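Residue numbers (the working numbering): 72 to 177.
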């Protein structure tokens, strides 16, 4: 938090006074997903493939990466996907149902 301007830090600290610990955690988690989305988009811009991972074991990540003072909630795998990966559009084009099978007027 030290990288934020003092006015922002003060405003955040003041707003936290009126929130439960769960509300603070939930708010921070939502902010994390915004940052992750930008990171995923950035990997595409760099010509890399990436995928987000939830359900990680925070304690193991903390131990392996020697993390102190915060708890990892997500991970992102970054690299180059196989050229024959069925998730690639050129290998398996997306299949779409006709719009009239999906949307109808009541």
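We put the beta carbon where it would ideally sit given N, CA and C, even for glycine. For clarity, every value in this text was computed on a predicted model and none was experimentally measured.
Self-check item: residue 149 versus residue 160: straight-line alpha-carbon distance, rounded
Solution: 18 Å
Quiz item: Since residue 156 is in the beta strand (DSSP E), which residue starts that stretch and which ends it?
Solution: Careful: residue 156 lies outside any beta strand (DSSP E) and carries neither H nor E.
Practice problem: Please report how far the alpha carbon of residue 82 lies from the alpha carbon of residue 167, in whole angstroms. | Solution: 47 Å
Self-check item: C-alpha distance - residue 103 paired with residue 110, whole-angstrom precision
Solution: 10 Å
Quiz item: Between the beta-carbon of residue 142 and the beta-carbon of residue 129, is there less than 8 Å?
Solution: yes
Quiz item: Which residue from 76, 79, 172, 151 puts its Cα closest to that of residue 117?
Solution: 151
Quiz item: Among residues of its own chain, excluding the 5 on either side of residue 158, which ones have a beta-carbon nearer than 8 Å to its beta-carbon?
Solution: 152
Quiz item: If residue 147 and residue 121 are in contact, beta carbons under 8 Å, what's the gap, nearest whole angstrom?
Solution: 6 Å
Practice problem: Give me the Cβ distance between residue 145 and residue 107, rounded to the nearest whole Å; I'm assuming they're in contact under 8 Å. | Solution: 6 Å
Practice problem: Write down the C-beta distance between residue 87 and residue 95 rounded to the nearest angstrom, noting that I regard them as a contact closer than 8 Å. | Solution: 6 Å
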